[in-house]
Amino acid sequence: MQIITTDVVVVGGGAAGCYAALELSRKKIQSVIVCKGLVGKSGASLFAGNLVIGGGLLGNTPEQASNTAEFLIRYHNQFLIDQKWAKRCGQWIENVYYPELEEAGLYFRRDDDGNVVTNPGKIRSVAANTQGNSGVPFMDLRRKQVMKAGIRRLEETSVTSLLRRSDGSVCGVFAVNCMTGEYSVVLGRAVVLATGYSDRLHMRSTGTREMSGDGIAMAWRAGASLVNLEMQWWHTNDVAHPPTWQRIQIYPNPVLGSDHSARMVNSSGEEFFNQQVDDPMAFAPYTVQLKALVKQVHAGKARYDGGYFAGFDHVDSKEIDAYTTYGKPFYQLGREPKNGPIETAVTAHYRQGGILVDNSNMRSSVPGLYVAGGVSGHSNGLIALVTFDGKTVADGIAADLDQLQPATLPEDQVEAERLRIEALLAMPGDGFSPVAVKEQIRRIMWEKVGVEKNLAGLTGALEDLDRLRTSVLPNMKIKNRTRVANYEWLDVIDVHNMIDAAELVIHSSIERRESRGPFMRTDFPETDNENWLAANIMVKTDNGFRFEQRPYELPFYQPGFARRDNMTVPW
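Note that my numbering gives residue 66 to position 62 of the sequence shown, counting from 1, and the numbers run on in steps of one.
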């Protein structure tokens, strides 16, 4: 077992984690990044399709700048956001983020005349090289910056537990290297959780293999409060077949360099959503198109797992191929986009909620534990927003550094965690494999905690998960006993995080007694701004948990109604 001591432990190697480490390095604060995959090569940040233009950048008009702010608050977060934070974030993106990216060499796609290519409309975006693939060069840049800065990385290393001082403050992590089986203890004055927000808790999910609710589960065990965990976003335009293509999206947003976007048609061939026609203000129209799909499902003309279609058969293929990757799935299936749409299905995407933070410094409710990016609960995600979190958390730690004590090794906790992880490798059971248990959890979440929910289904999901926890988990069958590159061992660890995170999501879903945006309760169909325009905070107690509400202030934008059927709300 290796023991490493540093100033700050950063858990996660995506946009938020990398930028946090870079900003700490600029402040002469040492950090170590611990990443379950490869830094800059795993997680959700890779999948950023494009980069939204904020403020007055690249010829944005004042109206377009205002539209972008409104989109973030109204469409992207359904008003469950600190609007003053959103304003601060927007100003930083305009004044620092984009200029810094260009100076660092990130190439924004340009036309033959040298002009940066944008999509027309009320809200504009650019692409780093190609729309649909902007996250790859973005994260390549971040990886190179991290390496150049000499920031230490523990890659393909899964953090299994947060370590705490005797006063309960967080002072480090316990981790296992997925390739060698070696244990590591990384101690620091503070820990930054940056594990992302697109967890694979549903049968269909955009989350990557690494994303199994680790951050939520570990933070909760350490005593951190959570917020708005129920607010799950959904893609409606992801390829239905084969299942391995479920992350491939028939992109519904405005197409770069074109006046068009994908259209959706039901099983009868009737178009039921086209972003540029139906709602051009909803730059990322996921919630708006989800509501359109729900109506088709109720009419028997679509299912959440397929039976409807999306495509670009109304668009010249040259427009699709000029600046985007959106023709690629058609070509790989031996088809042309103009020859008709392909079958699509719903996929769980971002989780809007997460760990409760003070967004001025990204402190959690547990001393020594900070958060950055999508695992925090203060906003739905965009790659620029989570990067701002990296900046904010570094500033917060720098301001707190004198009060953050050097770590001492909590030997009892380390030994207890080592024994727990060893026991998972040595499980003598003859039941289901860990992968099969993962699939059972995802099926329960898909069937009972999917797009449309109600109390009976949510309660049933808790009962199903309790059955798994008590009867199935202790009897899981482990075939591979080696310590080297043993992903079955990692699956066993993941299962425990997944079931904890799933139960927390369900409890939060039961507590929010309304429907809002993508969160739909058939037993509470109204958006209730009188009682539920508030943070739904889950606080850990000695005998379980309790919920608290914290209303959001509305200094810039307001919903304009008290109560209304969620299906009629245009966001």
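Beta carbons are placed, not taken as given, at the ideal position from N, Cα and C, and that holds for glycine.
- In this structure, the beta-carbon distance from G385 to G372 does not fall below 9 Å.
- Judged by DSSP secondary structure, N181 falls within the beta strand (DSSP E) whose first and last residues are 174–181.
- Following the DSSP letters along the chain, one finds I220 inside the alpha helix (DSSP H) bounded by residues 218–225.
- Fully contained in the segment 435–478 is no beta strand (DSSP E) run of length 3 or more.
- If you draw a straight line from the Cα of D218 to the Cα of T199, it comes to about 7 Å.
- Taking S173 as the centre and dropping the five residues before and after it, the same chain places the C-beta of P371, G372 closer than 6 Å to its C-beta, in chain order.
- The beta carbons of Y23 and A194 sit no closer together than 9 Å.
- Between the segment 54–73 and the segment 380–399 there are three or more C-beta pairs closer than 8 Å, enough to call the two in contact.
- Contact between L167 and V36 is ruled out by a C-beta separation of about 14 Å, above the 8 Å threshold.
- If you check the CB distance, A314 and M268 come in under 9 Å.
- By the CB criterion at 9 Å, M502 and G357 fall outside the cutoff.
- The distance from the Cβ of P555 to that of L537 is about 6 Å, consistent with a contact at the 8 Å cut-off.
- Leaving aside the five residues that flank F549 on each side, the residues in its chain whose CB is nearer than 8 Å to its CB run, in chain order, H511, M542, V543.
- The count of Cβ pairs closer than 8 Å, one atom from the segment 294–302 and one from the segment 226–235, stays below three, leaving the stretches out of contact.
- If one requires a minimum length of 4 residues, the alpha helix (DSSP H) runs lying completely within the segment 115–176 are 139–152, in chain order.
- In the structure shown, N343 falls within a helical segment according to DSSP collapsed to helix, strand and coil.
- Setting aside the 5 residues that flank it on each side, P141 is surrounded in the same chain by A132, N133, each with a C-beta closer than 6 Å to its C-beta; the list follows chain order.
- Where W493 is concerned, the enclosing alpha helix (DSSP H) starts and stops at 491–515.
- Within the same chain, L191 come within 6 Å of T9 by CB-CB distance, once the 5 residues on both sides are set aside.
- For the pair of segments examined, the segment 256–264 was found to touch the segment 105–124: the number of CB pairs separated by less than 8 Å reaches three.
- Closest by C-alpha distance to Q253, out of I346, L28, Y308, G185, is I346.
- For N278, the pairing in a beta bridge is given by DSSP as R267.
- Counting C-beta atoms within 10 angstroms of its own C-beta, H500 has 16 or more neighbours from the protein chains shown and is therefore classed as buried.
- Residue pairing by DSSP places G358 opposite V231 in a beta bridge.
- Distance from the CA of G400 to the CA of R517, rounded to the nearest whole angstrom, comes to 34 Å.
- Between M207 and E421, the gap from beta carbon to beta carbon reaches 9 Å or more.
- The residue from F277, A440, Y561 with its alpha-carbon nearest to that of K91 is Y561.
- Sequence-distant partners of L50 (beyond 5 residues in either direction) whose C-beta falls short of 7 Å from its own C-beta, in its chain, are G139, V140, M143.
- The DSSP-derived three-state label of N540 is strand.
- For the set G21, V573, S129, the Cα lying nearest the Cα of Y327 is the one of S129.
- Listed in chain order, the alpha helix (DSSP H) elements of length 4 or more contained wholly in the segment 400–441 are 415–429.
- Under the 10 Å beta carbon count, Y102 is surrounded by 16 or more other beta carbons and is classified as buried.
- For the pair A403 and R30, the CB atoms are not nearer than the 9 Å cut-off.
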